[in-house]
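Quick note, the sequence shown lines up with residues 11 to 132 if you use this note's numbering. No residue lacks a Cβ here, since even glycine has one placed at the ideal position from N, Cα and C. Please read these numbers as outputs of a predicted model, since none were measured by experiment.
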Amino acid sequence: MMERVPILKLGDILIVSIQIDLDDQSVLTLQEDLAETVVSRGARGVIIDITAVEIVDSFIGRMLSTIAAMTRMLDAETVVVGMRPAVAITLVELGLSLGGVRTALNLEKGVVMLEHARSAEG
């Protein structure tokens, strides 16, 4: 049985906390689960918490970019929070600037960022 990444709801924000090692299948499942949840819950924001992620490769970098692009098409903004300094360095070294992916240092700042983005729209 494959582990699923839990998707929590906080108001109209979904919080995805990645606590497991991701492989191709778990990422595909997460993307499908997240797309369905964004639509079914009418989410306006998605926070992906990668605090527990110690090692990042181009696969995870592409996954974050893909999720951000996918949620944007579904009218939700994505913010990645909890990135460790070593992870940021690795992403830059891999040439993955994560275009279109907004980042915040922690969950609290990510929520504030999404609320600001929303108030700027309205």
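- Helix, strand or coil for R7 per DSSP? In the structure displayed, the chain extends from 11 to 132; residue 7 sits before or after that span and is not available.
- C-alpha gap between L74 and A130, whole angstroms: Straight-line spacing of the CA atoms in L74 and A130 works out to 24 Å.
- What span of residues does the beta strand (DSSP E) with T88 cover, start to end? Per DSSP, T88 belongs to the beta strand (DSSP E) from 87-91.
- What are the start and end residues of the beta strand (DSSP E) that includes L124? From DSSP, L124 is part of no beta strand (DSSP E) but of the alpha helix (DSSP H) over 117-131.
- Item | Runs of alpha helix (DSSP H) wholly within the stretch 18-73 (minimum 4 residues, chain order) | Runs of the alpha helix (DSSP H) inside the stretch 18-73: 34-51.
- Task: Go ahead and pull the three-state DSSP assignment for S134.
- Result: Nothing in the structure corresponds to residue 134, since the chain is present only between 11 and 132.
- Message: Quick test of the definition: if touching needs 3 or more C-beta pairs under 8 Å, does the stretch 39-56 touch the stretch 102-118?
- Response: Fewer than three Cβ pairs drawn from the stretch 39-56 and the stretch 102-118 lie within less than 8 Å of each other, which leaves the two stretches out of contact.
- Kindly indicate the opening and closing residues of the alpha helix (DSSP H) around P16. In the DSSP annotation of this structure, P16 is not part of any alpha helix (DSSP H), being labelled neither H nor E.
- Tell me, to the nearest whole angstrom, how far the beta carbon of I23 is from that of L124; I am working on the premise that it is less than 8 Å. Correct: roughly 6 Å between the Cβ atoms.
- Message: Quick check: what's the CA-CA separation for A62 versus P95?
- Response: Cα to Cα, A62 sits roughly 13 Å from P95.
- Message: For M83, count the other beta carbons within 10 Å of its own beta carbon; 16 or more makes it buried, fewer makes it exposed. Which is it?
- Response: So M83 counts as exposed.
- Message: Within a Cβ cutoff of 7 Å, which residues of the same chain sit near F69, ignoring the five residues on either side of it in sequence?
- Response: Excluding residues within five positions, none has a Cβ falling inside 7 Å.
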